[in-house]
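Colleague:
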Amino acid sequence: MIQLDHMARVVLAGCALIGLTGGALGTFVVLRRQSLVGDVVSHAALPGIVLAFWLTGSRSTPALAAGAALAGLAGMLAASWILRRTLLREDGVLGLVLSSFFGLGLMGLTWIQRQPDAAQAGLDRYLFGNAATLLSQDLAWMAGAALLVAGTLALLWKEFSLLAFDADFAAQLGWPVRGLDLILTLLTVVVIVLGLQTVGVVLMSTLLIAPAVAARQWTDRLGRMTLLAGGLGALVGVLGGAGSLAFARLPTGPAIVLAASGLVLLSLGLGTRGGWMWSGLRRRRQRREGREAVLHG
Amino acid sequence: MSPATELQWIAAVAALACALPGGFLLLRRQALLSDALSHSVLLGIVVAFFLLGSLDSPWLVAGASLSGLLMVLLVDLLQRDGRIKEDAALGLVFPLLFSVAVILISRWAGHIHLDTDAVLLGELAFAPFRRLEWLGLDLPVALWQMGGLLLLNLGFLLLFWKELSLSAFDSLLAGSLGFRPALLHTLELGLLSLTCVAAFDAVGSVLVVALIVTPAVTARLLSDRLPAYFVWAALVAVLSSQIGWRLAVGLDASIAGSMAVAGGLLFTAALLFSPRRGWVAGLRRERAQRRQFARRLLVIHLHNHEGTPQEAEECRLAHLSEHLNWSAETARERVDLCLESGWVSWAGERLSLTAEGRAAARQALEELPLQLAGAREEGLLCPWPAPRT
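If you read the protein sequences in the order shown, they are chains R and S. Just so we're aligned, residue 205 is where the first sequence starts under my numbering, counting upward by one. Just so we're aligned, residue 415 is where the second sequence starts under my numbering, counting upward by one.
(1) Given this structure, state the Cα-to-Cα distance separating S/A445 from R/L292, to the nearest angstrom.
(2) What residues from chain R crowd round S/K499, counting only those whose CB sits closer than 7 Å?
(3) Since S/H453 meets chain R, which of its residues come closer than 8 Å, beta carbon to beta carbon?
(4) So S/L510 packs on S/A503, CB below 8 Å; how close in whole Å?
(5) So, is the C-beta of S/L627 closer than 8 Å to a C-beta in chain R?
(6) DSSP three-state label for S/W740, please.
(7) Taking a Cβ distance cut-off of 9 Å, strictly less, list which residues of the region 281-297 of chain R are near chain C, in chain order.
(8) Looking at C-alpha atoms only, which residue of S/C752, S/L782 and S/R764 is the closest neighbour of S/E770?
(9) Is the beta carbon of R/P458 closer than 8 Å to that of S/P513?
(10) By the 9 Å beta-carbon criterion, what residues does the region 445-460 of chain R contribute toward chain S?
(11) Taking S/L767 as the reference, which of S/Q724, S/G458, S/D552 and S/V713 has the closest Cα?
(12) Measure the CB-CB distance between S/H717 and S/A761 and report whether it falls below 8 Å.
(13) Starting from S/S759, follow its DSSP beta bridges and name the residues at the other end.
(14) Kindly indicate if chain S contains any beta-carbon less than 8 Å away from that of R/M205.
(15) What's the gap between the Cα of S/A647 and the Cα of S/A633?
(16) Which residues mark the beginning and the end of the alpha helix (DSSP H) in which R/W379 is found?
(17) Suppose you measure from the CA of R/R488 to the CA of R/M481; what does that come to, to the nearest Å?
(18) So with Cβ pairs under 8 Å, would you call R/L274 a contact of chain S?
(19) Roughly how many whole angstroms lie between the Cα atoms of S/G618 and R/L339?
(20) Checking 8 Å against the spacing of the C-beta atoms, do S/A630 and S/L506 come in under that value?
(21) Going by C-alpha to C-alpha distance, which of R/L439, R/L224 and R/G296 sits closest to S/G678?
(22) For R/I222, does the three-state DSSP call read helix, strand or coil?
(23) Just curious, the beta strand (DSSP E) that S/D552 is in, first and last residue?
(24) By the criterion of Cβ-Cβ separation under 7 Å, what are the contact partners of S/A667 in chain R?
(25) Consider the Cβ of R/D385: report whether some Cβ of chain S lies at a distance smaller than 8 Å.
(26) Since S/I517 meets chain R, which of its residues come closer than 8 Å, beta carbon to beta carbon?
(27) When the Cα of S/V820 is compared with those of S/S607, S/N739, S/E720 and S/T744, which residue comes out closest?
(28) Measuring only between beta-carbons, confirm whether S/V623 sits less than 8 Å from chain R.
(29) Which chain S residues are close to R/Q421, counting only those with a beta carbon under 8 Å from its beta carbon?
(30) Could you tell me whether the region 638-647 of chain S touches the region 267-282 of chain R, where touching means 3 or more Cβ pairs closer than 8 Å?
(31) Exposed or buried, what is R/A450 when buried is set at 16 or more other beta-carbons lying within 10 Å of its beta-carbon?
(32) Quick check: the Cα distance between S/D495 and R/V417, rounded to an integer number of angstroms?
(33) Taking only the alpha-carbon atoms, compute the straight-line gap between R/T430 and R/R492 and give it to the nearest angstrom.
(34) Please report the residue range of the beta strand (DSSP E) in which S/L546 lies.
(35) Could you give the C-beta distance for R/G502 and R/L274, rounded to a whole number, given that I count them as a contact under 8 Å?
(36) Using a C-beta cutoff of 8 Å, does S/L685 count as contacting chain R?
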């Protein structure tokens, strides 16, 4: 085993943590067919990041993450308000919110860049993500988020399960569906914001979707799927992180996405729940049995 | 033309060229496909660049459009056996293609103009520097490109208007009538990726989404008729490009970003002030309905007691608060409403119906007998004598 230096350990731990939380939470995102929410939140976070930087003048993770989370949440709330109040449908509203918020962030970013005190270098690492900029204290935040997600999922497991499979029924039972929905959205926003620094705006959504989709190919049980997705997310994070450490000029985000996509493909092929390989084998066996039945019958 | 005017023209033409294909995309509930397409075309551009070694080639555009189609094909393939839903398939495929492109760029082409920043964010401000003289006109390349695409998109729209509308609203019917909606859709998507490629040179890939989706979404709030919807979308596109331009100049900020923000602002304005679907219109409608209901309730009450022994007692203003559960103030207001519309008049201390008011009460009773009966059964109304016929 190669001796890992401090930075490498931080990077790997960060990728693993964000993969773990993203994967577990992604289970609910995917089951509720909100896969593109990750994409929207991560784009909508940009104006918050810019504003937080402008107000505090610092690039510390907590300040920027708080700004990002607020803006991301504002974007999601705006989208759900518009969806409730108009006849517009999800795709259009999400596209609108995504692009308007991102445009606002871009305006802010260029405006700040043209200000004389150009201490803003590095803000754009949020666009593409660079795990090498992770610090030990960032890990503490990620671990905190992981605990928060795990705790909330454990506490509201029953509620979230019903919400994922039959939200209308939950509403009929008188459960506070809107509140539960808000909690899930809030958790998703927190995870995405923490992941931005590692994998960037464009690719954060993969970290939510891919592990859950892969896990779905192996099990029909929600509990197992959530645990498996968390595990696969961590695995993918470590693989991608290690890849970007091992090869020069291999950015972390894309590396993780490659690993995650490979995993999805593998699961689609080999997964015990309708994997291509099994259905292929079954077809062959049935064909052979049919032939034999015709020959000997 | 001065560079500033040229920029304004490029912005307006690009916004128009993107808004047209966005119209049907939104009706098909596939607006987010624009987001996916605009990211995926990067891969085609990069691959074409590696094969050709140049950034100025029509093959780049071909490669980009092909990668857009590849994305759509992959999404289709993934969701085919139902194990992956459409949203997840989309969310998996385009980041993958985008990642491959980013890796190719950062490992083997780090030094060229194709840095991810420029592609993602775009910079319109440099567009006037690349020029092309053709037909005796010396215009920026971007203007030629976007103008050509605008004509192409417009031509496609006009030529296939009937087929496009039918397959957007009922693609099964279109298929059974032999219009081949799948082929049409493929053509549409091909054109859309072409538009994305050309536009992202000018405004960057994220804001292509703004140009494609925002006008359509805004227009949807403003009209229910297909032709009007497209006219509104075109109007919003041009308007947001011009407002965005002013914003960008005023604040010294990114033109593309400002255009997206201007689009968002126009949408918000439509959300609030759209004549039929706006928030303000909704509030006014609600108020009008509430007043209409109150007026009807009052005349029905008077009508029921007209000519009965209790009339003198029931038709006093003070009694209304007791019977209809209105506060003295509300009762006063509503009586004034009815006085204004000439439905009631004062007969000394008590209210009496005018001929008009009587007709209104009868009409209301005719229209609402079921509701009234239901409400009386549930004990929500006072035990009035049954309405006379």
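Cβ coordinates follow ideal geometry from the N, Cα and C atoms, glycine included.
Modeller: Looking at the coordinates:
(1) The count along the second sequence starts at 1 and reaches residue 445 of chain S at position 31. The count along the first sequence starts at 1 and reaches residue 292 of chain R at position 88. Distance between the alpha carbons of S/A445 and R/L292 is about 11 Å.
(2) Your numbering for residue 499 of chain S matches position 85 in the second sequence. R237, listed in chain order.
(3) As a working note, residue 453 of chain S is residue 39 in the second sequence. Within 8 Å Cβ-Cβ: V406.
(4) Position 96 of the second sequence, counted from the first residue, corresponds to residue 510 of chain S. Position 89 of the second sequence, counted from the first residue, corresponds to residue 503 of chain S. With a Cβ gap of about 11 Å, S/L510 and S/A503 do not count as contacting.
(5) Sequence index remark: in the second sequence, residue 627 of chain S carries index 213 (1-based). A quick correction: the sequence has Val, not Leu, at residue 627 of chain S. Closer than 8 Å to some Cβ of chain R, the Cβ of S/V627 qualifies, so yes.
(6) The residue labelled residue 740 of chain S in the question sits at position 326 within the second sequence. If DSSP states are grouped into helix, strand and coil, S/W740 belongs with coil.
(7) Protein chains R and S are contained in the structure displayed, whereas chain C is not.
(8) For the purposes of this step, residue 770 of chain S is taken as residue 356 along the second sequence, with counting starting at 1. When only C-alpha atoms are compared, the closest one is S/C752.
(9) On the second sequence, residue 513 of chain S is found 99 positions in, with the first residue counted as 1. On the first sequence, residue 458 of chain R is found 254 positions in, with the first residue counted as 1. The residue asked about is misnamed: residue 513 of chain S is Ser in this sequence, not Pro. Yes, these two residues count as a Cβ contact at 8 Å.
(10) F451, A452, R453, L454, P455, G457, P458, A459 and I460
(11) Within the second sequence, the letter at position 353 stands for residue 767 of chain S. The shortest Cα separation from S/L767 among S/Q724, S/G458, S/D552 and S/V713 belongs to S/V713.
(12) Here residue 717 of chain S is taken as the residue at index 303 of the second sequence, counted from 1. Here residue 761 of chain S is taken as the residue at index 347 of the second sequence, counted from 1. Not closer than 8 Å, so no.
(13) Within the second sequence, the letter at position 345 stands for residue 759 of chain S. Paired residue(s): S/S766.
(14) The count along the first sequence starts at 1 and reaches residue 205 of chain R at position 1. With a pLDDT of 43 at R/M205, under the threshold of 50, the modelled position of this residue cannot be trusted; read the value that follows with caution. It does not: the Cβ of R/M205 has no partner Cβ on chain S nearer than 8 Å.
(15) Counting from one through the second sequence, the residue named residue 647 of chain S turns up at place 233. Counting from one through the second sequence, the residue named residue 633 of chain S turns up at place 219. For S/A647 and S/A633, the distance between alpha carbons rounds to 5 Å.
(16) For the purposes of this step, residue 379 of chain R is identified with residue 175 of the first sequence, where counting begins at 1. Neither: R/W379 is in no alpha helix (DSSP H) and is coded neither H nor E.
(17) The count along the first sequence starts at 1 and reaches residue 488 of chain R at position 284. The count along the first sequence starts at 1 and reaches residue 481 of chain R at position 277. Distance between the alpha carbons of R/R488 and R/M481: 11 Å.
(18) Within the first sequence, numbered from 1, the residue matching residue 274 of chain R stands at position 70. R/L274 does not count as touching chain S.
(19) Numbered from 1 along the second sequence, position 204 holds the residue referred to as residue 618 of chain S. Numbered from 1 along the first sequence, position 135 holds the residue referred to as residue 339 of chain R. Spanning the two alpha carbons is a distance of roughly 31 Å.
(20) The residue you call residue 630 of chain S lines up with position 216 of the second sequence. The residue you call residue 506 of chain S lines up with position 92 of the second sequence. No, these two residues do not count as a Cβ contact at 8 Å.
(21) One-based indexing of the second sequence puts residue 678 of chain S at position 264. Nearest C-alpha to S/G678: R/G296.
(22) Indexing the first sequence from 1 puts residue 222 of chain R at position 18. R/I222: helix per DSSP, three-state reduction.
(23) Your numbering for residue 552 of chain S matches position 138 in the second sequence. Taken as a continuous stretch (DSSP letters only), the beta strand (DSSP E) holding S/D552 covers L551 to P554.
(24) The count along the second sequence starts at 1 and reaches residue 667 of chain S at position 253. Correct list: M311, T314 and W315.
(25) Residue 385 of chain R sits at position 181 when you count from the first residue of the first sequence. Taking Cβ atoms only, chain S never reaches closer than 8 Å to R/D385, which makes this a no.
(26) Residue mapping note: residue 517 of chain S aligns to position 103 of the second sequence, counting from 1. Chain R residues near S/I517: L454, P455, P458, A459 and L462.
(27) Residue coverage of chain S in this structure runs from 415 to 803, which leaves residue 820 of chain S outside it and unanswerable.
(28) Start at 1 with the first residue of the second sequence, and residue 623 of chain S comes out as number 209. Chain R contact via Cβ: present.
(29) Translated into positions along the first sequence, residue 421 of chain R becomes position 217. The answer, in chain order, is R497.
(30) no
(31) Locating residue 450 of chain R in the first sequence gives position 246, where the first residue counts as 1. R/A450 is exposed by the Cβ-count criterion.
(32) Sequence index remark: in the second sequence, residue 495 of chain S carries index 81 (1-based). Sequence index remark: in the first sequence, residue 417 of chain R carries index 213 (1-based). Roughly 14 Å separates the two Cα atoms.
(33) For this step, residue 430 of chain R is matched to residue 226 along the first sequence. For this step, residue 492 of chain R is matched to residue 288 along the first sequence. Approximately 38 Å, taken between the alpha carbons.
(34) Within the second sequence, the letter at position 132 stands for residue 546 of chain S. From DSSP, the beta strand (DSSP E) with S/L546 extends over R545 to W548.
(35) Past the boundaries of the shown model lies residue 502 of chain R; chain R is included only from 205 to 501, so the question cannot be answered.
(36) Start at 1 with the first residue of the second sequence, and residue 685 of chain S comes out as number 271. So yes, S/L685 belongs to the interface.
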